[in-house]
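Everything in the sequence shown is counted per the UniProt record's numbering, starting at 1 for the first residue and increasing by one.
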Amino acid sequence: MTSDAVVVTRDDQAAVAVVRMNRPDRRNALTTELKVALRDALEEVATDDSVRAVVLAAAGPAFCVGQDLGEHAETLRSGDPDAMRTVPEHYNRITSALATMPKPAIAAIGGTCVGAGLGFALACDLRVAAAGVRFATAFSGIGFGGDSGLSATLAHAVGASRATDLLMLGDTFTAESARDWGVVREVVPAEELDDRALALARKLASGPTAAYAEIKVAVALGTVSSLPSVLEHEGAAQSRLAKTQDHRNAVEAFLAKEKPTFTGH
């Protein structure tokens, strides 16, 4: 599907791709058009070896307010027996693309971030928010539970007790609370958000991306697995990384008291 609902820009010199949701007039509410465009863009940059870091951003005053409820209501009224096929077709694949891409993903949250928008942000590895941003889960307010991985990622970020509170009561919380709880890495002035997120992506893109990919897998495994399983995985990962040029060159650079250069190989 060709669409301007998502705009992808590339900084080829820094090997960074910015994937920007682009429905500012509707606060980036998730229509089928936007979901398909976002899914396809993220899956493309995830497999593009020339991209070493990805920024998920949004145009306008909101990051993402979740599902477009007008479109959703029309689907429900139509009597479609598979009205929720959007979850496996769109939400799950968007979340998986962010969480599993073998490169860092950074969310630049410049405005209201609720529902699936919060799920997408939490599927990223790091998050930077603008001062004044408001967050909420929002699902229970329309008689839903949670999707886009939020039931797991929010619990991992803030603990099961607080996640249950936020999912059940749906209370909003501030960017500063999100920072204090570990949901976002830092809060910056709104006018500095894009530059800060891009600087962070460029820094990561110049780093040992093969190691970052292994870290993503290991952390995800560590949240749900026993210690013996994690230790086994870490050992196998270290063996794989020991064969990379990045590791060998970095060890030699350390011994020579030089700054290492990483290529991702």
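Glycine included, each C-beta is placed from N, C-alpha and C at the ideal position. On a predicted model such as this, the values are computed, not experimentally measured, just so you know.
Would the beta-carbon of residue i fall within 8 Å of that of residue j?
i, j, result
"residue 276", "Tyr91", "Here the chain covers residues 1 to 265 and nothing more, so residue 276 does not appear."
"Ala152", "Gly115", "no"
"Ala211", "Glu234", "no"
"Ala131", "Ala190", "yes"
"Gly70", "Arg27", "no"
"Leu126", "Leu200", "yes"
"residue 280", "Ser140", "The requested residue 280 is not part of the displayed model; the chain covers only 1 to 265."
"Arg202", "Val16", "yes"
"Ala220", "Ala99", "yes"
"Thr9", "Phe63", "no"
"Ala157", "Val133", "no"
"Ala175", "Gly110", "no"
Apply the 10 Å Cβ neighbour rule to residue i and answer buried if 16 or more other Cβ atoms are within range, or exposed otherwise.
i, result
"His72", "buried"
"Lys257", "exposed"
"Phe135", "buried"
"Leu255", "exposed"
"Val54", "buried"
"Ala236", "exposed"
"Gln67", "buried"
"Arg23", "buried"
"Val224", "exposed"
"Leu34", "buried"
"Asp246", "buried"
"Ala5", "buried"
"Thr47", "exposed"
Tell me which residue opens and which closes the alpha helix (DSSP H) that residue i is part of.
i, result
"Ala199", "193–205"
"Phe144", "It is not in any alpha helix (DSSP H) - Phe144 carries neither H nor E in the DSSP assignment."
"Leu69", "69–77"
"Asp165", "160–169"
"Ala175", "175–181"
"Thr261", "Looking at the DSSP string, Thr261 is not in any alpha helix (DSSP H), and its letter there is neither H nor E."
Using only CA atoms, which one of the options lies nearest to residue i?
i, options, result
"Arg39", "Asp68, Asp12, Phe120", "Phe120"
"residue 266", "Ser226, Asp195, Pro208, Ala129", "There is simply no residue 266 to check, as the chain begins at 1 and stops at 265 in what is shown."
"Asn249", "Gly207, Ser229, Ala220", "Gly207"
"Met168", "Val224, Ile142, Ser3", "Ile142"
"Thr86", "Leu154, Leu30, Pro104", "Leu30"
"Ala213", "Val251, Gly264, Ala242", "Gly264"
"Val7", "Met21, Asp195, Arg196", "Met21"
"Met101", "Asp194, Asp12, Gln245, Ile215", "Ile215"
"Asp12", "Ala83, Ser3, Leu198", "Leu198"
Terminal residues of the continuous beta strand (DSSP E) containing residue i?
i, result
"Val54", "53–58"
"Arg127", "126–130"
"Ala136", "134–136"
"Phe63", "62–64"
"Asp112", "Reading the sequence as shown, one finds Thr at residue 112 and not Asp. Per DSSP, Thr112 belongs to the beta strand (DSSP E) from 112–114."
Give the C-beta separation of residue i and residue j to the nearest angstrom, bearing in mind that I take them to be a contact with Cβ-Cβ under 8 Å.
i, j, result
"Ile106", "Leu42", "In fact, because the Cβ distance is near 13 Å, the residues do not count as touching under 8 Å."
"Gly149", "Ala123", "6 Å"
"Val187", "Gly117", "Rounded, the Cβ-Cβ distance is 17 Å, inconsistent with contact."
"Val36", "Val45", "That pair is no contact at about 15 Å."
"Lys103", "Thr261", "Going by Cβ atoms, the distance from Lys103 to Thr261 rounds to 17 Å, so no, they are not a contact pair."
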